[in-house]
């Protein structure tokens with residue numbers, strides 16, 4: 012009996028072992044059939060496209076087709092200021108996709124590790140899909156292209172407030188606030204929207220404030236310094252030069268710290284700018300030159316600046332006194348090396364008004380008056396030295412009879428002049444300040460004297476012999492000859 016039981020047990024154990032071995036072989040064969048397939052395993056997605064159970068080539072076609080369909084059908088709306096500005100298919104943005112790498116990555120999932128681990132992964136993905144995300148890489152040039160189009164349509168440039176003077180009163184044209192589409196920020200908004208498949212994104216316009224607002228000009232209303240000079244009606248070309256230069260200066264606004272340059276403002280002084288030939292002083296002599304007369308602009312402005320008590324940066328007097336202003340109160344210009352400059356050393360903007368009326372040149376400077384009402388100023392020119400002309404220069408001229416003389420240039424008296432500013436408080440002199448010292452050179456007469464002993468009908472002209480009696484040297488700047496304009500030499504400066 013015991014022997015029979017033992018045999019039965021042995022048979023049962025053998026059957027169990029065989030069954031286990033058979034089952035194990037079946038399981039191994041099943042695992043092998045599952046993991047050793049040349050396909051992408053089930054449950055693997057690229058984004059929302061299932062490519063499981065497909066060989067690489069099939070998966071590649073499915074992926075391309077799915078993405079292209081998505082990109083062509085799905086639209087992205089770009090909203091600007093609450094309205095649809097543009098509606099573009101996703102394909103417009105040219106999503107750059109490495110399809111081959113995506114398929115290869117999907118293919119390798121579940122193909123690394125032990126057979127058991129691989130089998131477990133494959134079974135897991137059937138229940139819980141494995142999703143591969145596509146790297147978000149778009150064509151930046153296409154995004155920039157649509158944004159540049161949007162900028163051209165929606166950007167508004169800010170406009171500064173403008174100060175005008177009309178009918179003897181100031182008018183302020185208010186500023187305009189601008190708006191601007193920021194490219195970098197908008198690119199991020201679009202890419203973020205594309206990456207999560209949004210239907211619309213909002214592009215914001217940033218506010219761009221102007222540099223100058225109405226409030227900046229509100230205090231520009233007071234006359235700080237006004238001056239005018241007169242000019243001759245008959246000098247047409249010179250008067251045209253004054254008109255051109257005056258119009259270029261009119262309406263100039265200087266902000267605190269700005270330096271005004273007369274040369275820069277009225278220039279270039281040449282025929283292309285409309286300037287004409289009129290009398291100038293060149294090396295102490297009066298002769299024609301382009302732009303003759305513009306120094307009267309500098310002189311008139313200089314006196315307005317003196318009255319406004321602004322900082323003088325550069326000023327040079329003429330080499331000879333001029334007839335339209337007293338000595339010590341003139342200012343000259345020459346090339347790009349002699350200029351009249353002044354600085355707005357106040358805390359508010361300045362407005363320069365320049366115009367011509369009834370053959371008078373006006374320069375008015377406006378700003379905010381902060382000087383005391385009981386304070387007044389005057390200017391006084393004082394001659395501290397008078398220089399008589401040097402001996403005349405005589406040139407022997409055989410074309411003239413002996414004893415005959417022709418005065419080519421009359422002599423002029425030289426002066427050293429100090430300009431003082433007198434400050435009065437309640438009508439009483441409080442302070443006297445030296446503003447400048449001006450030096451006007453004396454010049455010799457130039458005379459042609461006849462040297463022919465007898466009169467001849469057709470004299471033979473020989474080279475002239477010049478005789479100088481104690482000549483004065485003429486100083487010239489290193490940059491070239493000094494050129495200054497002039498209106499009329501005052502007769503008091505000429506020695507008869």
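In this note's numbering, the protein residues as written are 12 to 507. Every residue gets a Cβ at the ideal spot worked out from N, C-alpha and C, and that includes glycine.
Rounded separation between residue 174 and residue 85 - CA only: Roughly 53 angstroms between the two C-alpha positions.
Sheet register partners of residue 425 (DSSP bridge): DSSP output for residue 425 lists 398 as bridge partner(s).
Close Cβ partners of residue 221 (< 8 angstroms) along its chain, the five nearest in sequence each way excluded: Result list for residue 221: 169, 170, 171, 172, 186, 187, 188 and 189, in chain order.
Same chain only: Cβ atoms within 7 angstroms of residue 13, ignoring 5 sequence neighbours per side: Within its own chain, no residue has a Cβ closer than 7 angstroms to the Cβ of residue 13 once the five positions on either side in sequence are excluded.
The stretch 405–412 contacting the stretch 454–462, beta-carbon criterion three pairs below 8 angstroms: With the cut-off at 8 angstroms, the stretch 405–412 and the stretch 454–462 touch.
beta-carbon residue 86 near the ligand FAD non-hydrogen atom, thresh 7 angstroms: With respect to small molecules bound, the structure shown includes none, and the ligand FAD cannot be examined in it.
CA nearest to the CA of residue 159, picked from 138, 178 and 96: Put simply, of 138, 178 and 96 the residue whose alpha carbon is nearest the alpha carbon of residue 159 is 96.
Separation of residue 386 from residue 420, as counted between CA atoms: Distance between the alpha carbons of residue 420 and residue 386: 47 angstroms.
Limits of the alpha helix (DSSP H) - the one that residue 365 falls within: First-last for residue 365: 361–368, but that is the beta strand (DSSP E), not the alpha helix (DSSP H).
Simplified DSSP state of residue 327, which is helix, strand or coil: In the three-state reduction of the DSSP assignment, residue 327 falls in the coil class.
Inter-residue spacing [alpha-carbon to alpha-carbon] between residue 250 and residue 304: When rounded, the distance between both Cα atoms is 7 angstroms.
Among 112, 131 and 114, nearest to residue 121 - alpha-carbon criterion: The residue with the shortest Cα to Cα distance from residue 121 is 131.
Given residue 441 as reference, the closest of 52, 293, 150 and 388 once Cα atoms are compared: Shortest Cα-Cα distance from residue 441 to any of 52, 293, 150 and 388 involves 388.
Euclidean distance between Cα positions of residue 401 and residue 348: The straight-line gap from Cα to Cα measures roughly 29 angstroms.
Top-ranked residue by Cα proximity to residue 425, from 182, 333, 93 and 258: For the residues 182, 333, 93 and 258, the minimum Cα distance to residue 425 belongs to 333.
Buried/exposed call for residue 391, threshold 16 Cβ in 10 Å: Exposed: under 16 other Cβ atoms inside 10 Å.
CA-to-CA distance, residue 449 to residue 260, given in whole angstroms: Taking the straight line joining both Cα atoms gives about 26 angstroms.
8 angstroms CB neighbourhood of residue 71 in its chain, flanking five on each side removed: Closer than 8 angstroms at the Cβ level, and outside the excluded window around residue 71, lie 110, 111 and 114.
Length of the line joining the Cα atoms of residue 300 and residue 369: Cα-Cα distance, rounded: 25 angstroms.
Contact the stretch 312–319 vs the stretch 274–288: 3+ CB pairs below 8 angstroms: Verdict: no, contact absent.
Residue nearest to residue 325 in terms of C-alpha spacing, selected from 331, 234 and 309: When each option's Cα is compared against that of residue 325, the closest is 309.
Among 257, 197 and 56, the one whose alpha carbon lies nearest that of residue 139: Measuring C-alpha to C-alpha distances from residue 139 to each of 257, 197 and 56 identifies 56 as the nearest.
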